[in-house]
Amino acid sequence: MPSVKIAKQSKLSPDDTFKRISDLLSNDKDLRKLDPKYKLDFNAANRTGSADGSMFKAKMNVTDEQGVCKVEIIVDLPFHLALVKGMVEKTLSKKLDEALA
């Protein structure tokens with residue numbers, strides 16, 4: 366499966382970063398249009414999450430490394446969506462930037 370990896374740094378605290386990203390993934394209408402059936406599972410204590418749908422699977426991790434908050438999202442796409450990998454990466458990166466601003 367082709368995968369897209371997006372990594373960002375945040376000036377927010379790890380807990381605030383996790384909340385903003387989980388809210389984005391839970392409520393974004395554009396993501397729901399891609400796969401209305403995807404299910405989310407978040408673990409606030411570990412600041413991790415996953416999405417499982419018919420069109421993609423994704424994992425999210427928010428870490429605090431020496432005072433720097435980092436977000437990493439890895440999206441696994443089926444082979445028939447490999448051609449839109451760049452678009453997925455660009456769109457998700459833009460949405461993360463907006464959520465973390």
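For what it's worth, my numbering labels the leading residue of the sequence shown as 366, then goes sequentially.
Glycine is no exception: its CB is placed at the ideal position from the N, C-alpha and C atoms.
Keep in mind it's a predicted model, so treat the numbers as computed, not measured.
Sub-8 Å separation of residue i and residue j beta-carbons
{"i": "residue 374", "j": "residue 435", "result": "yes"}
{"i": "residue 448", "j": "residue 371", "result": "no"}
{"i": "residue 446", "j": "residue 385", "result": "no"}
Limits of the unbroken beta strand (DSSP E) element including residue i
{"i": "residue 419", "result": "It is not in any beta strand (DSSP E) - residue 419 carries neither H nor E in the DSSP assignment."}
{"i": "residue 376", "result": "No beta strand (DSSP E) holds residue 376; DSSP gives it neither H nor E."}
{"i": "residue 405", "result": "404-408"}
Nearest candidate by alpha-carbon position, reference residue i, set the options
{"i": "residue 443", "options": "430, 453, 421, 429", "result": "421"}
{"i": "residue 429", "options": "370, 368, 383", "result": "383"}
Nearest-angstrom Cβ-Cβ length linking residue i and residue j, presumed shorter than 8 Å
{"i": "residue 460", "j": "residue 393", "result": "7 Å"}
{"i": "residue 404", "j": "residue 395", "result": "Between residue 395 and residue 404 the Cβ distance is about 17 Å, and since that is not below 8 Å, they are no contact."}
Limits of the unbroken alpha helix (DSSP H) element including residue i
{"i": "residue 453", "result": "450-465"}
Strand pairing of residue i, partner residues [DSSP]
{"i": "residue 368", "result": "441"}
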